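So the structure is just underneath, and the comments pick up after that.
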Amino acid sequence: MNMEAFLNHLVAKYNFWLYIILMMIGLYAMIAKNNLIKKLVGMNIFQTAIILFYVSIGSKKGGTIPILEHVSGGAQHAIDPANYVNPLPHVLMLTAIVVSVSTFGVALALAIKIYQRYKTLEEDEILTRIRES
Amino acid sequence: MILSGGLLLYATKDFPSWGDPTSPASTHVSPRYLKKSLEETRVPNVVTSILADYRGYDTMFETTVIFCAGVACFMLLRTFEKRETDHYYRHVPTGITIHIKGQREIPIESKEFEKIDAIWTPYDLIINTVSRFLVPFIQLFALYVIAHGHHSPGGGFQGGVILGASMIVLAIAFNLRTAVRRLGERIDSIMSALGVFIYSGIGALCVLLGANFLDYKALAQILPIDRVAARSDGILGVEIGVGIAVMAVMICVYNNVASEGRYDEGL
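As you go down the protein sequences, you meet chains H and W in turn. In case it helps, my numbering puts the first sequence at residues 19 to 151. In case it helps, my numbering puts the second sequence at residues 91 to 357.
Structural data, given as C-alpha cells:
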C-alpha cells in the first residue's frame, strides 16, 4: 500500500482508528493495572469505545436524526431512508449504556466486598493474602 | 495488545467509509423500519418504535438484566446488623452537633433534633435550598422525557435515569437518610419489580387476547382505539414500565454502593 492510498484510507475511516485506539487503552488498563478500580475504569473505557463504534456505524452523510417528518392526520409522503441515520445501532446502544451503568454498579459492589474481606484493592496483595490464609 | 490493536487497525481496511449511506449496516433491515414505522405504529421517533415494538423482546430482557443487577447489588452488600457505635444528633436551628457515646438513644423527643450518621456530615444551606428547588423540575422533565418519547428523543431508559438521578441529588445534597425517608427501601424494591412486571404483563396480555407475545395490535380489542393506535399506546405502556424499573434500580444501586449496604452515611 503506497503512501497516498494509505492516507486516503486514514481520512475515510479515521473514526474507526480512534475507537480502536480508545479500545486498546481500555484493554491495557484491564490487563496491566494492578488496582481493581483502575481495571474497572479500563472496562468502562472499553465499553465506551464499542458504543462509539456502533453509533458511528449508523451514521450517514447528510442524514438527520431518525424522527420522521409528519403532519397529524395528513397524507403520508414517501420516506427516503437515506435522509435519516440508521436507528438500529442507536437502539442497541441506548440499552447498552443503561445496562453498562448497572453492571458497573455490580462490579463496584464486588470491589467493596473484596475490600471488606482483604482490606486492599491491589491485585498482588490480594493474591498474597489468599496464599497466606 | 499492540498486536491485537494492529490487527484491528488493519481490519479497518475492509470497513465502509464513515457516513457511507450504502454501508451494509444501513441497507439490511433499517430502511424497512424507517419506511414503515409511521404507517404501522404511528410513532415518528423510529428509535422508540424499534426499541419497544420491533425489538421488544430484546428490550424486555435488557430490563430484566437491569433488574437482576439491582438484585445482585442488594444481595452482595445489604447488611442488617447494627453497628455498636455512638449516636449523633444535630440541633437544627443552631447547627450544633450532639455526640452521645454508647448505645443510649434519643435524649429529647423534639422536632428540633435530627439524627445524623457522622460528626462531619456538613449542613450547607445553599446546596440544600438549590437542590430542593431543582429536584421537582428534574422529575417533571423526566416525566416529560418518558411521556414524549414518541415524538422527540427520549423514552423509558432516559427518563428513568433522570428520575433516579433526581433522588441521588437529594441523597448527595442532604444525606442518604433524607433520600431514603422520601423513597423507602421496600417501595423502591417493589417498584423495580413492578417495572419489569408491567413490561412482561403487557406482553402476556397480548397473548391472552390471542396474538403473539408483545404484539400490541391485540390491545385494540379492549381499548377503544384502532390497531395502529394500539401499537402506539402499547409502546407507551412498556416505556413507563422500563422507566419505573430503571429509576428504582439506579436508586437501589446508589444506596447500596454508597453506604456499603448499611443505608447510613457510609462514604
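Heads up, the beta-carbon is just placed ideally off N, CA and C, and yes, glycines get one too. These numbers come from a predicted model, not from an experiment.
Sequence-distant residues of the same chain with beta carbon closer than 6 Å to residue i, five excluded per side
i, result
"Ile75 of chain H", "Pro107"
"Ala338 of chain W", "Asp278, Met281, Ser282"
"Tyr77 of chain W", "For chain W, the structure presents residues 91 to 357; residue 77 of chain W sits outside this window and is missing."
"Trp35 of chain H", "none"
"Gly245 of chain W", "Thr138, Gly239, Glu329"
"Val318 of chain W", "Arg132"
"Ile341 of chain W", "Gly254, Met257, Asp278"
Reduced DSSP category for residue i - H, G, I as helix; E, B as strand; rest coil
i, result
"Tyr102 of chain H", "strand"
"Asn135 of chain W", "strand"
"Glu87 of chain H", "coil"
"Tyr179 of chain W", "strand"
"Thr121 of chain H", "helix"
"Thr82 of chain H", "strand"
"Glu152 of chain W", "helix"
"Glu350 of chain W", "coil"
"Leu313 of chain W", "coil"
"Ser107 of chain W", "coil"
"Glu171 of chain W", "coil"
"Lys51 of chain H", "coil"
"Arg145 of chain W", "coil"
"Ile115 of chain H", "helix"
"Lys137 of chain H", "coil"
"Asn20 of chain H", "coil"
"Ile97 of chain H", "coil"
Cβ-based neighbour list, residue i, same chain, cut-off 7 Å, excluding 5 preceding and 5 following
i, result
"Asn218 of chain W", "Ala263, Phe264"
"Glu140 of chain H", "Asn52, Asn53"
"Phe247 of chain W", "Val332, Val336"
"Gln229 of chain W", "Leu253, Ser256"
"Pro316 of chain W", "Checking the displayed sequence, the identity of residue 316 of chain W turns out to be Asp instead of Pro. Correct list, in chain order: Ala310."
Run of the beta strand (DSSP E) containing residue i, from where it starts to where it stops
i, result
"His189 of chain W", "186 to 190"
Burial state of residue i (16 or more Cβ within 10 Å)
i, result
"Ala294 of chain W", "exposed"
"Gly300 of chain W", "exposed"
"Gly123 of chain H", "buried"
"Lys103 of chain W", "exposed"
"Arg132 of chain W", "buried"
"Ser127 of chain W", "buried"
"Ser116 of chain W", "buried"
"Pro114 of chain W", "exposed"
"Asp214 of chain W", "exposed"
"Val220 of chain W", "exposed"
"Asp143 of chain W", "buried"
"Asn135 of chain W", "buried"
"Val119 of chain W", "exposed"
"Gly250 of chain W", "buried"
"Ile325 of chain W", "buried"
Opening and closing residue of the alpha helix (DSSP H) in which residue i lies
i, result
"Lys125 of chain W", "120 to 131"
"Ser74 of chain H", "54 to 75"
"Pro226 of chain W", "215 to 237"
"Leu284 of chain W", "275 to 298"
"Phe303 of chain W", "Phe303 of chain W -> no alpha helix (DSSP H), and no H or E assigned at all."
"Thr146 of chain H", "141 to 150"
"His241 of chain W", "Counting along the chain, His241 of chain W falls outside any alpha helix (DSSP H), and DSSP gives it neither H nor E."
"Thr268 of chain W", "266 to 272"
"Ser113 of chain W", "No alpha helix (DSSP H) holds Ser113 of chain W; DSSP gives it neither H nor E."
"Met91 of chain W", "Unbroken run through Met91 of chain W: none, as it is neither H nor E."
"Leu253 of chain W", "246 to 263"
Beta carbon of residue i nearer than 8 Å to that of residue j
i, j, result
"Ile16 of chain H", "Ala47 of chain H", "Limits of chain H in this structure are 19 at one end and 151 at the other, which puts residue 16 of chain H out of reach."
"Gly146 of chain W", "Val328 of chain W", "yes"
"Arg266 of chain W", "Tyr353 of chain W", "Just to set this straight, residue 266 of chain W is Leu in the shown sequence, not Arg. Yes; because the gap between Cβ atoms is below 8 Å, this pair is in contact."
"Leu141 of chain W", "Pro99 of chain H", "no"
"Arg321 of chain W", "Glu130 of chain W", "yes"
"Val103 of chain H", "Ser77 of chain H", "yes"
"Lys114 of chain H", "Leu58 of chain H", "Correcting the residue type first, residue 114 of chain H is Ala in the shown sequence and not Lys. Not a contact, by the Cβ cut-off of 8 Å."
"Lys79 of chain H", "Pro111 of chain W", "yes"
"Ile252 of chain W", "Ala232 of chain W", "yes"
"Thr153 of chain W", "Val286 of chain W", "yes"
"Tyr72 of chain H", "Met41 of chain H", "no"
"Leu70 of chain H", "Tyr37 of chain H", "yes"
"Cys158 of chain W", "Ala127 of chain H", "no"
"Val117 of chain H", "Val155 of chain W", "yes"
"Gly44 of chain H", "Ala30 of chain H", "no"
"Asn26 of chain H", "Trp108 of chain W", "no"
"Ile288 of chain W", "Ile334 of chain W", "yes"
Other residues of its chain near residue i: CB distance less than 8 Å, five sequence neighbours each side excluded
i, result
"Arg272 of chain W", "Met257, Leu260"
"Asp305 of chain W", "Cys296"
"Val347 of chain W", "Cys163, Leu167"
"Glu143 of chain H", "Tyr136"
"Thr82 of chain H", "Asn101, Tyr102, Val103"
"Lys56 of chain H", "Ala47"
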